[in-house]
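Residue numbers (the working numbering): 1 to 422.
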């Protein structure tokens with residue numbers, strides 16, 4: 001896969017495979033309704049928060065080992081194992097009726113996430129390296145990520161149809177297995193040279209593993225590297241903790257809207273959530289595709305990353321305050337800002353990390369950032385759930401946003417004022 005064989009980075013078969021991967025991966029029809037599914041099963045927000053923590057704890061356990069396995073044995077093999085685990089978890093979710101079964105489903109889901117996170121990004125970066133296109137990494141990753149958001153947009157609309165046909169949320173889990181089987185086939189078609197950076201070396205497993213571990217732990221001797229990891233993890237964990245709470249925000253809006261009275265509350269909620277997520281993911285697709293323009297707007301990449309952090313956190317704080325003031329529409333619009341900022345910031349932080357990390361430990365390094373992100377979710381999810389149970393939805397959201405605003409001083413990656421550099 002050399003540069004002579006592939007002329008246009010955005011018009012070749014492997015680019016389309018990368019786009020198809022993200023598109024199919026995000027056809028999780030249950031995503032836009034997950035908290036509502038758990039609430040319908042009788043779970044409190046604290047229990048829901050603990051389920052998210054269980055998922056992240058088990059993801060955390062396997063995170064770094066999965067990255068090392070991917071770099072040493074093969075990234076494609078790690079991805080195929082991951083998607084097999086995803087499909088099994090969907091079956092468990094479909095069959096689940098109790099907290100215990102949901103917890104088991106989350107464990108399997110967390111295992112799948114561990115073997116996927118960081119690994120596919122490392123394959124993309126390896127592909128760019130092989131073709132001498134590393135200067136395009138922000139634009140390339142942003143474009144492939146935009147297809148992921150298009151998948152999410154389509155997923156939210158199809159989910160509405162599934163709910164109308166089946167009159168239940170639970171069927172969303174079962175039908176989500178179909179695109180994952182297709183994506184399994186897509187991943188199996190990836191070229192072997194993307195399987196791992198070191199497969200072509202004629203050395204033993206233990207020698208490769210020893211070198212990878214040495215290179216990996218060397219990264220933590222650098223303060224800029226550590227701050228970059230925590231910057232990626234803090235905002236990523238913040239988003240993952242809060243993103244599904246858009247569902248109850250929209251559900252409260254349904255009760256205020258005098259429309260579709262001929263339909264059941266579940267169907268009305270499905271229409272509003274499906275339509276809202278569809279528009280939202282179209283916008284996030286556009287923002288991810290154009291993230292490189294924000295990078296160019298600032299004098300350096302670190303400033304763009306820090307600015308995105310502040311805007312995202314502030315949008316959540318003001319969304320929570322709007323809910324407390326019974327301004328549901330404004331709250332939903334501000335909350336949507338978190339999704340947009342996340343998809344602008346994500347390609348930027350991946351590009352930033354790729355400039356710091358050696359290619360032979362790229363999957364391990366990105367998995368480390370993902371592991372730290374997991375720890376953030378483990379701690380923040382029960383806190384948010386308890387705050388919402390005791391103080392209300394708006395207050396809980398605003399409180400968590402304020403906490404992450406205070407953390408900014410510890411996770412900023414730039415050394416100069418953001419305002420001066422805009």
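All residues carry an ideal CB built from backbone N, CA and C; glycine is no exception.
As the structure is a prediction and not an experimental result, all values here were calculated from the model.
DSSP three-state assignment for residue i, whether helix, strand or coil
i	result
residue 225	helix
residue 343	helix
residue 9	coil
residue 117	coil
residue 192	helix
residue 23	helix
residue 287	helix
residue 356	helix
residue 396	helix
residue 112	helix
residue 274	helix
residue 28	coil
residue 131	coil
Neighbourhood of residue i by C-beta distance below 6 Å, restricted to the same chain and skipping five residues each side
i	result
residue 232	349, 369
residue 91	none
residue 227	413
residue 388	45, 396
residue 180	83, 86, 87
residue 373	233, 236, 237
residue 278	153, 156, 157
residue 335	246, 249, 319
The alpha helix (DSSP H) enclosing residue i, as first and last residue numbers
i	result
residue 413	That residue, residue 413, is in no alpha helix (DSSP H); it is neither H nor E in DSSP.
residue 96	From DSSP, residue 96 is part of no alpha helix (DSSP H); its letter is neither H nor E.
residue 180	171 to 188
residue 321	301 to 324
residue 38	34 to 40
residue 144	137 to 166
Integer Cβ distance of residue i from residue j, believed to fall under 8 Å
i	j	result
residue 401	residue 313	6 Å
residue 149	residue 245	With a Cβ gap of about 19 Å, residue 149 and residue 245 do not count as contacting.
residue 300	residue 152	Residue 300 to residue 152, Cβ: 30 Å. No contact.
residue 247	residue 403	Actually they do not touch by this definition, with Cβ atoms about 22 Å apart.
residue 249	residue 323	7 Å
residue 176	residue 10	Actually they are not in contact, since the Cβ atoms of residue 176 and residue 10 sit about 29 Å apart, beyond 8 Å.
residue 40	residue 110	The pair is not a contact, with the Cβ atoms about 23 Å apart (cut-off 8 Å).
residue 381	residue 52	4 Å
residue 332	residue 253	6 Å
7 Å Cβ shell around residue i - same chain, five flanking residues per side excluded
i	result
residue 343	145, 149, 284, 287, 288
residue 423	Any property of residue 423 remains undetermined from this structure, which presents the chain solely from 1 to 422.
residue 18	124, 144
Any chain D beta carbon closer than 8 Å to residue i
i	result
residue 345	No chain D appears in this structure, which consists of one protein chain only.
Own chain residues within Cβ distance below 8 Å of residue i, not counting five before or after
i	result
residue 202	Legend: pLDDT at residue 202 = 45, less than 50; position of this residue unreliable, value from coordinates given subsequently. Answer for residue 202: no residue qualifies.
residue 305	231, 345, 348, 349, 352, 413, 414
residue 94	170, 171, 173, 174
Check: residue i C-beta below 7 Å from any heavy atom of the ligand ADP
i	result
residue 382	In terms of ligand content, the structure shown is empty, and the ligand ADP therefore cannot be addressed.
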